[in-house]
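Let me begin by presenting the structure, written as structure tokens, before commenting on it.
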Amino acid sequence: MAKHAASLFSYALSALLHTASLSCEAIDSDDRKVCIVNIGSLPNDEAYSPPSQHLGMLERVVGSNSAANVLVQSYKRSFNGFAAKLTDPESERLANMKEVVSVFPSKTFQLQTTRSWDFMGVSENITRNATAESDVIVDEGFGPAPRKWKGVCKGGQNFTCNNKIIGARFYNPTESARDIIGCGYGLAQGTARGGVPSCRIAAYSVCNVEGCSADGLLGAFDDAIADGVDIISISIGPSSAAPFHYDPIAIGAFHAMEKGILTSNAAGNNGPEEGTVSSVAPCILTVAASSIDRRIIDMVVLGNKRTLIGSSVNSFTLNGTSFPLIYRKDASRICPELSAGNCEPDCLDGNLVKGKIVLCDQYVGNVEAHKAGALGSVLNTSNADASFIVPLPATGLSNQEYGIIKSYLKSMKDPQADILPSEVIKDDTAPVVSFSSRGPNPILLEIIKPDISAPGADILAAYSPDAPITQSRGDKRRVKYKIASGTSMACPNSSGVAAFIKTIHPDWSPAAIKSSLMTTAKPMNRTNTSPGEFAYGSGHIDSVKAETTPLAPQVLKKDHNYPSMAAKVTPMKSFMAKILPGPKVDIKVVPEVLSFKSLNEEKNFNLTIVRTGLPDGSHVSAELIWSEETHSIRSPILISSSVM
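Going left to right, the sequence shown walks through residues -26 to -1, 1 to 618 as mature numbering (1 follows the signal peptide of the UniProt record, and there is no 0) numbers them.
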């Protein structure tokens, strides 16, 4: 689901430019707070001991007697840094040390939370590239872990590894990598069915019911990189974007990129407002959530026979019987009318709602309706394009549809309704869903984010049998699979395709894999996904075209702003440029033809954009397409007339 925590799981930023510190998160009575001290890359010195340096630095600010007590953990396997309990003056002193890149608080992050693989074109029969020592093997049984694997199985309580799940670590107070919340399973399981069902998995559990700590996230990155994973898929993120040197995911992803590992990250679930995308670093594949070619709907039939179409995963039936509708003050004796209408905690009166269907102005009211013993609930939702499992007969209506049922209730002396079980309908539009966070990039406007979209609405995902199926404590149902929505679902979809590409092209860099996904993505209908590239980036992921892409741009570490390209292509191929320009801009590419005579040959081109009457504060979309006889790749161009 979109608002819970989960595991960082894998198949498999060095020193940023500014030294700075932020006030850190208080953890105890003497005002010490957990802070992350980012020192950058590890030096090439076998005699160097990161923990010794970390303790030495702490001794300089807290004294030799306290240093070991305030140190939370050292990052020492893949990059250099540590987490410690510090006061604000101590964090400032550390930030002023010449070897320190940044000091920032260890904030709590949240999770950003079959048919979707078919929709992306992933084959059910994926075989191994036997010469590449890949982690992906024939789906007929698993042999020992690959020789390059350096990880361990330290899953803690109730956790066992095998030849499928080859590694586990935990960084949370539960002392187990087992998923007790219900999200990590859905991101990792491949039975019904995963994009690369034969892929090996290592689980790095960083979350509990309260969220996911930033210091634990960096610890997981530190281990995953050193363990030898190929792809890191992380469906966790902050509520808003942070500068790269304060962002633990950006820092970890940068170090992963240096070691040839691509990081795929959920864009966030704070859409549809602009500027809400939280994963914005250029070294990350940032994934938006789109729907697939089917929707799960749930209808409510009013007493006047009018039918309203809503959204929920409702397995209950009222057997065609209508029941009384109740709303606001009629459902509560103790709360103000507005609070009662929202179905806020402890507002609904069990005696008043028993045997009735409650209207709730907020979607989360379905939990309170179930708790109070209501027969059913009709909910107002801003995310009517995604369905969530409900603990009682319930459906979520858009603002317009919800207004209709409220008007019906007010106009009738005895308003009644019947809530039908959910059903599946076909929907070929597959737009970006409303909750998916949008650009522009709030940290660096020049980098378009998100990068790509993948299925993230109404996804059938594996689920932990230890976790409740809904947020209602009274819901005792337990399942192995459930329908879930969120960019947390879209992210592992893209990670699976990235693993697929890595299997076929084991020598490709993270930038090449990322570029193959972006430049072959399907264009999306802007009328359904306004504001265009701010919603979906390069478009909807297409695994088949990504597999056969003729151009694989190799972006080097220094090329964080994306324009530098060095392509691996088949010799004796020529690609012609085509510009699909937007209004009031003039775009030219020189040269217009790139001819390659040998493998690994590099070609350069210049792109010039001239504004011709574009109003201030507006955005225009265009495309650059390189094509030869049978293949083409495209890159979106987004022109902003002023900095936002």
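Ideal Cβ positions, reconstructed from N, Cα and C, are used throughout, including at glycine.
How long is the line joining the alpha carbons of residue i and residue j, rounded to whole angstroms?
i: T582; j: L333; result: 56 angstroms
i: A224; j: N467; result: 20 angstroms
i: Y376; j: V564; result: 54 angstroms
i: D267; j: A404; result: 6 angstroms
i: R121; j: G249; result: 44 angstroms
i: I258; j: D5; result: 34 angstroms
i: W600; j: A551; result: 5 angstroms
i: S387; j: P395; result: Position check: residue 387 holds Lys in this sequence, whereas Ser was assumed. Answer to the nearest angstrom: the Cα atoms are 26 angstroms apart.
i: K488; j: F570; result: 22 angstroms
i: S595; j: P497; result: 12 angstroms
i: E602; j: S48; result: 51 angstroms
i: P442; j: V364; result: 11 angstroms
i: A241; j: F56; result: 27 angstroms
i: N574; j: N357; result: 47 angstroms
i: G370; j: S572; result: 58 angstroms
i: R452; j: P439; result: 6 angstroms
i: V46; j: G193; result: 11 angstroms
i: I417; j: D425; result: 15 angstroms
i: H605; j: D516; result: 14 angstroms
i: A69; j: I10; result: 10 angstroms
i: L568; j: F549; result: 5 angstroms
i: P256; j: K303; result: 51 angstroms
i: I1; j: I613; result: For I1, the predicted model reports a pLDDT of 48, less than 50, meaning its position is unreliable; a value from the coordinates is still stated below. So the two alpha carbons sit approximately 45 angstroms from each other.
i: S385; j: D320; result: 28 angstroms
i: A348; j: G329; result: 6 angstroms
i: S306; j: L299; result: 14 angstroms
To which residues of the same chain is residue i closer than 6 angstroms at the C-beta, ignoring the five residues directly before and after it?
i: A41; result: L29, L32, E33
i: R361; result: With the sequence shown as reference, residue 361 is identified as Ser, and Arg is not the correct amino acid for it. Same-chain partners within the cutoff: I270, S285, S286, V287, D432.
i: D560; result: V584, T586
i: K380; result: none
i: V341; result: Q445, S446
i: V406; result: A262, S264, S427, T503, A509, Y510
i: A106; result: At A106, the pLDDT of 34 sits below 50, so the modelled position is not reliable; the number obtained from the coordinates is stated separately. Cβ within range, chain order: P480.
i: M463; result: G430, I433
Compare the beta carbon distance of residue i and residue j with 9 angstroms and say whether it is the shorter of the two.
i: T237; j: I206; result: yes
i: H514; j: A495; result: yes
i: N182; j: S213; result: no
i: A509; j: V471; result: no
i: residue 627; j: V8; result: Here the chain covers residues -26 to 618 and nothing more, so residue 627 does not appear.
i: A428; j: C465; result: yes
i: Y145; j: S187; result: yes
i: F297; j: L191; result: no
i: I13; j: E73; result: yes
i: P414; j: K423; result: yes
i: L353; j: Q336; result: yes
i: T493; j: S469; result: no
On the criterion of 16 or more Cβ atoms from any shown chain inside 10 Å, does residue i qualify as buried, or is it exposed?
i: L312; result: exposed
i: Y301; result: buried
i: I308; result: exposed
i: S179; result: buried
i: A21; result: exposed
i: E507; result: buried
i: E98; result: Legend: pLDDT at E98 = 46, less than 50; position of this residue unreliable, no value from coordinates given.
i: K59; result: buried
i: S372; result: buried
i: K81; result: buried
i: V203; result: buried
i: R608; result: buried
i: T461; result: buried
i: D19; result: exposed
i: P222; result: buried
i: V254; result: buried
Excluding the 5 residues flanking residue i on each side, which residues of the same chain have their C-beta closer than 8 angstroms to its C-beta?
i: A343; result: C317, L322, V327, V332, C334, G350, S351, L366, A368
i: R51; result: D196, D197, I199, A200
i: E247; result: R412
i: L276; result: L282, I379, Y382, P389, Q390, A391
i: L140; result: Reading off the sequence shown, one finds Ile at residue 140, where the question assumed Leu. Closer than 8 angstroms at the Cβ level, and outside the excluded window around I140, lie A119, W123, G125, C127, R174, I175, A176.
i: V44; result: R6, L32, V36, A58, K59, L60
i: T291; result: P367, L394, P395
Report whether the distance from the Cβ of residue i to the nearest heavy atom of the ligand GDP is below 8 angstroms.
i: P256; result: By its list of ligands, the structure shown contains no ligand whatsoever, and the ligand GDP lies outside what it can speak to.
What residues in its chain sit with their C-beta under 7 angstroms from that of residue i, if we drop five residues either side in the sequence?
i: S490; result: I475, A520, T523, A526
i: G185; result: A(-22), T82, F83, Q84
Any chance you could list the alpha helix (DSSP H) runs of at least 4 consecutive residues sitting entirely within the stretch 164 to 238, in chain order? Runs found: 188 to 201, 222 to 232.
Every unbroken beta strand (DSSP E) inside the stretch 13 to 86 [3 residues or more]: Within the stretch 13 to 86, the complete beta strand (DSSP E) runs of at least 3 residues are 45 to 49, 54 to 60, 76 to 79, 82 to 85.
Could you tell me which whole alpha helix (DSSP H) segments of length 4 or greater appear in the stretch 338 to 382? Unbroken alpha helix (DSSP H) stretches of 4 residues or longer found wholly inside the stretch 338 to 382: 339 to 346, given in chain order.
My parser needs the alpha helix (DSSP H) runs of 4 or more residues fully inside the stretch 267 to 327; what are they? You should have 311 to 316, 324 to 327.
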